[in-house]
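Trainee:
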Amino acid sequence: MTKATVDAGICGFTALIEVIRLSSQTLRVVVTSDCEMVSKMGEELRDIDWHDALNQREDRLLYKSLQQHINHVACPIPIAILKAIEVEVGAALPRDVVIRFETASPRAIE
């Protein structure tokens, strides 16, 4: 089993992602979050074919679910799901991903 915890940033939501290998092709993805959008996406992803999840086609389940449920294009949780899948199937090593921001002054969207 692979677990990943995501602090999504300014929205204040976190997510716990658990990926469990059920067979050579099937994974169970469990996403727990207080974010309603992320929770709905997680409900759709329960048991998935990991080949499909890591495929770059736009018709894959993860991409469709992202389009349907996540309104914030820069939400880091979907990519964390993919990274956890990669770790669980041995396509990546378990290493934290970090984004650090530096700005000269606070910026406001106009």
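For the sequence shown, position 92 (counting from the first letter as 1) is numbered 696 according to this note's numbering, and the numbering increases by one without interruption.
In this text, a Cβ means the ideal position worked out from N, Cα and C, and glycines have one as well.
Note that the coordinates shown come from a computational prediction; the quantities given were computed from them, not determined experimentally.
(1) With Ile689 and Val642 assumed to form a contact (beta carbons below 8 Å), what rounded beta-carbon distance in angstroms separates them?
(2) Please state if the CB of Leu626 and the CB of Leu649 are separated by a distance shorter than 8 Å.
(3) Taking the alpha carbon of Ala608 as the reference point, which residue from Arg704, Arg699, Ser709 and Arg711 has its own alpha carbon closest?
(4) State the start and end residues of the unbroken alpha helix (DSSP H) segment that holds Ser643.
(5) I need the boundaries of the alpha helix (DSSP H) containing Val635, first residue and last residue.
(6) Where Ala708 and Cys679 are concerned, what is the direct C-alpha to C-alpha distance, given to the nearest angstrom?
(7) Do Ile652 and Leu631 count as a contact pair if the criterion is CB distance below 8 Å?
(8) What did DSSP end up calling Leu666 once you bin it into helix, strand or coil?
(9) So, for Trp654: in the same chain, excluding its five sequence neighbours on each side, which residues have a beta-carbon less than 7 Å away from its beta-carbon?
(10) Would you say His673 and Met645 are within 8 Å of each other, going by their C-beta atoms?
Mentor: On the basis of the supplied data:
(1) Actually they do not touch by this definition, with Cβ atoms about 16 Å apart.
(2) The answer is no: Cβ separation not under 8 Å.
(3) Ranking Arg704, Arg699, Ser709 and Arg711 by Cα distance to Ala608 puts Arg699 first.
(4) Where Ser643 is concerned, the enclosing alpha helix (DSSP H) stretches over Glu640 to Glu648.
(5) Per DSSP, Val635 is not a residue of any alpha helix (DSSP H); the beta strand (DSSP E) it occupies stretches across Thr630 to Ser637.
(6) Roughly 24 Å between the two C-alpha positions.
(7) Cβ distance < 8 Å, so Leu631 and Ile652 count as in contact.
(8) The answer is helix: DSSP assigns Leu666 an H, G or I state.
(9) Around Trp654: Gln629, Leu631, Ile689 and Val693.
(10) For His673 and Met645, yes; Cβs fall inside 8 Å.
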